[in-house]
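Below is one structure; the comments refer to it alone.
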Amino acid sequence: MSWHVLGVGSLGSLWATRLFRAGVPVQLILRSPQRLAAYRQAGGLTLVEQGQSQLYAIAASDLDDPAPIARLLLACKAYDAAEAIAAVAHRLAPGAEVILLQNGLGSQDEVARQLPGRRCLPASSTEGAFRDGDWRVVFAGQGHTWLGDPSGGSSPAWLSDLQRSHIPHTWSPDILARLWRKLALNCAINPLTVLHGCRNGELLRHRDEVDALCTELVQLLLGNGQAEAARDLHDDVWRVIEATAANYSSMYQDVASGRRTEISYLLGYACAAAEHAALQLPHLKAVHQRLLGHLDRHGLPRY
Ligand code: NAP
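Residue 190 in our numbering sits at position 205 of the sequence shown, with consecutive numbering throughout.
Set out below in structure tokens:
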């Protein structure tokens, strides 16, 4: 059974090339006949790993291809996920499975709402990749991916494809807790790196601000029934800051490059969830407002 990959950017390409080179059947879905023509011109996807480039001539089609889809990896940004899935929903076979690689929370529900009866499996990844050209992906950071089914159910047999492709992964019985924990880590670190214009490690100079956010994020997690995700959050935030001290956060990089951020699915989602649970979290709200102002000043979308 073939994998289809929709969202042939950094992570989508990283997955597609590793599946393909392991001999797993994989098909790319490109957004338009023009993008398909450009892809064919390039001759395939190039994976750059430890300085070595390798071209993989993976089969591709565009959104109009009518072939049914049994297993889909959705690898676009959170803000594109709902629109992207709408374009292929009619092609999903009964019992199709959709793996959701989006960061943050909110997009998974937007997608699942459009796919009644299909199994939607959110994932959370610490792998790092970026594009250094069209149809080229650089594998920038080894990491791990957790996948799971918020509705329960057993682990799928196709995890063996990931094993065979050397995609480090774990089936997670509580994937929502993982997504909430990652959201909280992101909210404690990324917005402040944007507002202070600094690397993660420089947040040591803003310890009070980070700690105040952590305290409120713990309240947010507990108020949303995520006690496990709240456990030792403070310590974990400082551990991540120290372990990634020299890095610029993904949100910092998006803003610095003039790219749209995923704010609505990170801090925006956190603030909306706080309001929904009638929680007063003034520091979180203030950072959200400051970040929106910052995006306005840089001419970037606030959603
Ligand atoms: P990306 O490089 O921007 O790739 C997204 C891809 O989706 C682009 O190729 C885009 O096409 C395509 N796309 C968007 N809308 C589409 C549509 N309607 N139809 C077809 N294709 C569509 O993004 P990414 O960095 O891989 O990130 C994907 C998700 O993974 C994000 O939520 C991100 O936060 C998360 N993540 C990324 C990393 C990483 O290291 N990159 C690590 C962990 C998590 P165009 O190029 O034509 O716009």
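We put the CB at the ideal spot given by N, CA and C, even for glycine.
- Residues L168, C172, L205, L269 of the same chain have their beta carbon placed closer than 7 Å to that of A255, with the five preceding and five following residues left out of the count.
- C-alpha of Q211 to C-alpha of A42: approximately 43 Å in a straight line.
- At least one heavy atom of the ligand NAP falls within 8 Å of the beta-carbon of D65.
- The beta carbon of Y233 is closer than 8 Å to those of T178, R184, N185, A241 in its chain, skipping five residues each way along the sequence.
- Excluding the 5 residues flanking it on each side, I54 has same chain C-beta neighbours closer than 7 Å at H(-11), V73, R76, L77, A78, A81, in chain order.
- Within the same chain, and ignoring the five residues on either side of N209 in sequence, the residues whose Cβ sits closer than 8 Å to its Cβ are W165, A258, A262.
- In this structure, S(-5) sits away from Q12, with a CB-CB distance that is not shorter than 9 Å.
- The beta carbons of S92 and A67 sit about 7 Å from each other, so the pair counts as a contact at 8 Å.
- Per DSSP, reduced to three states, the secondary structure at W156 is strand.
- In this structure, DSSP gives Y288 a state outside helix and strand, which the three-state scheme calls coil.
- A direct Cα-to-Cα measurement between Q19 and A27 gives close to 13 Å.
- Of the candidates L280, D217, E201, the residue whose Cα lies closest to the Cα of Q265 is E201.
- No Cβ-Cβ contact shorter than 9 Å links R163 with W120.
- Bounds of any alpha helix (DSSP H) do not take in Y233, whose DSSP letter is neither H nor E.
- Taking 9 Å as the cut-off, the Cβ atoms of L100 and I70 count as close.
- Look at W(-12) here: in three-state DSSP terms it is strand.
- When secondary structure is reduced to three states using DSSP, G113 falls in the strand class.
- If you ignore the 5 residues before and after S46, its C-beta comes within less than 8 Å of the C-beta of Q12, L13, I14, L15, L21, A52, all in its own chain and listed in chain order.
- Excluding its 5 nearest sequence neighbours in each direction, P176 has C-beta neighbours in its own chain below 6 Å: L252, V272, L276, listed in chain order.
- Taking every protein chain shown into account, the CB of Y288 has fewer than 16 other CB atoms within 10 angstroms, so this residue is exposed.
- In the DSSP secondary-structure assignment, S136 is not bridged to any residue.
- Between the alpha carbons of E187 and M236 lies a gap of roughly 15 Å.
- Leaving aside the five residues that flank E95 on each side, the residues in its chain whose CB is nearer than 6 Å to its CB run, in chain order, A67.
- Fully contained in the stretch 159 to 196 are the following alpha helix (DSSP H) runs of length 4 or more, in chain order: 160 to 181.
- Contact annotation, S(-2) with L48: C-beta distance approximately 18 Å; criterion of less than 8 Å not satisfied.
- Across the set N88, S140, R244, the C-alpha of N88 shows the shortest separation from the C-alpha of E112.
- CA-to-CA, the gap between D134 and R56 works out to about 15 Å.
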